Amino acid sequence: MNLTQKSILILSPHTDDAELGCGGTIKLLLEQGNEVHIAAFSACRHSVLAGFPEDVLVQEIKASTRELGIPAKNLHLFDYDVRTFNFHRQEILDDILNLRHKIKPDVVFVPSVNDIHQDHYTIAQEAVRAFKFSTLLCYELPWNNFEFKTTLFFGLHESHVEQKIKALSNYKSQAHRAYMQPDFIRSLAKVRGVQVGLPYAEVFEVVRMIY
Numbered sequence: 545m546n547l548t549q550k551s552i553l554i555l556s557p558h559t560d561d562a563e564l565g566c567g568g569t570i571k572l573l574l575e576q577g578n579e580v581h582i583a584a585f586s587a588c589r590h591s592v593l594a595g596f597p598e599d600v601l602v603q604e605i606k607a608s609t610r611e612l613g614i615p616a617k618n619l620h621l622f623d624y625d626v627r628t629f630n631f632h633r634q635e636i637l638d639d640i641l642n643l644r645h646k647i648k649p650d651v652v653f654v655p656s657v658n659d660i661h662q663d664h665y666t667i668a669q670e671a672v673r674a675f676k677f678s679t680l681l682c683y684e685l686p687w688n689n690f691e692f693k694t695t696l697f698f699g700l701h702e703s704h705v706e707q708k709i710k711a712l713s714n715y716k717s718q719a720h721r722a723y724m725q726p727d728f729i730r731s732l733a734k735v736r737g738v739q740v741g742l743p744y745a746e747v748f749e750v751v752r753m754i755y
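For the sequence shown, this note's numbering assigns the number 545 to the initial residue and increments by one for each residue that follows.
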């Protein structure tokens, strides 16, 4: 799928989800001349590990997205409490609708509609409501996906994978997590690439495709 001069919106329930799910694709889309926006809905202040400041994930997403080349004005941060999104569905939908009005995205990326994390599921469901007339693609977070249809692949180069790893390395507060390790990130991209005869890839689930 080759996109150029399009407006792209990536909805990230928590600060690192967008880069984890499609960090390589983000870099590819930017290189193709698209305008990329990321909206993160929680900095998980109440689950930050001891020894880190409460707002550490806010600083880390700013550094990570800057590493990828996303302008600061295209990073939209909200402050919902982690694991409470299902209690704020209308407020979240209102925020998403405001983003739709402001950005007018051609393509929207969200977590899988089958993601088992309650915050991820809420964002995916409200995005379907808000963007039912838009191209809507779900990114892969395999530790949360019991089911995932591998229906759309973005082929990546080594440089895209390395840039994804470099961006995610800014999340020092999350470095203990298995899915943050460079070998996991590179291996998953390699597996997805092998599936379609490419060196590397990221895969997406198509909810709706409009040309």
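Just so it is clear, CB atoms sit at the ideal spot from N, CA and C, and this is done for glycine as well.
This one's a predicted model, so the numbers in the text were calculated from it and none came from an experiment.
7 angstroms Cβ cutoff met for residue i and residue j
i	j	result
E579	S608	no
K708	G568	yes
E674	R721	Reading the sequence as shown, one finds Ala at residue 674 and not Glu. No, the Cβ-Cβ distance between A674 and R721 is not below 7 angstroms.
E824	C566	Residue numbering for the chain in the displayed model covers 545 to 755; residue 824 lies beyond these limits and cannot be assessed.
I570	L601	no
F629	D659	no
V751	T695	no
F748	L681	yes
W687	Y723	yes
Buried or exposed (CB count within 10 angstroms, at least 16 for buried), residue i
i	result
E691	exposed
I640	buried
Y683	buried
E604	buried
N689	buried
P557	buried
E670	buried
N546	exposed
L593	exposed
DSSP beta-bridge partners of residue i
i	result
F675	The partner list for F675 (beta bridge, DSSP) is empty, contrary to what the question assumes.
E604	Note: E604 sits in no beta bridge, so no partner.
N689	D659
L700	Y744
R752	L680
I582	I554, L619
F653	I554, L681
Minimum C-alpha distance to residue i - residue among the options
i	options	result
A583	I667, L612, L573	I667
Y744	A733, M753, L593	A733
D650	A671, S678, N642	S678
L574	W687, N618, L637	N618
E598	P726, S717, M753, Y755	S717
I554	Q669, M753, H620	H620
G577	V592, A594, G595, I614	I614
L637	R610, T548, Y665, F697	Y665
K676	H632, Q549, I754	I754
R610	R633, K648, H581, N642	H581
L572	Q549, H632, K606, S731	Q549
A711	K648, K606, K646	K606
V672	G595, K646, R633, F697	R633
H661	K646, N642, K648, L685	L685
N697	P726, L742, D727, S713	Note that residue 697 is Phe in the sequence shown here, rather than Asn. Comparing Cα positions, the closest option is L742.
### Query
Three or more beta-carbon pairs under 8 angstroms between the stretch 721–739 and the stretch 654–662, yes or no?
no
### Message
Contact between the stretch 558–565 and the stretch 695–702 is defined here as three or more beta-carbon pairs at a separation below 8 angstroms; is this criterion met?
### Response
no
### Three CB pairs or more closer than 8 angstroms across the stretch 624–632 and the stretch 581–601
yes
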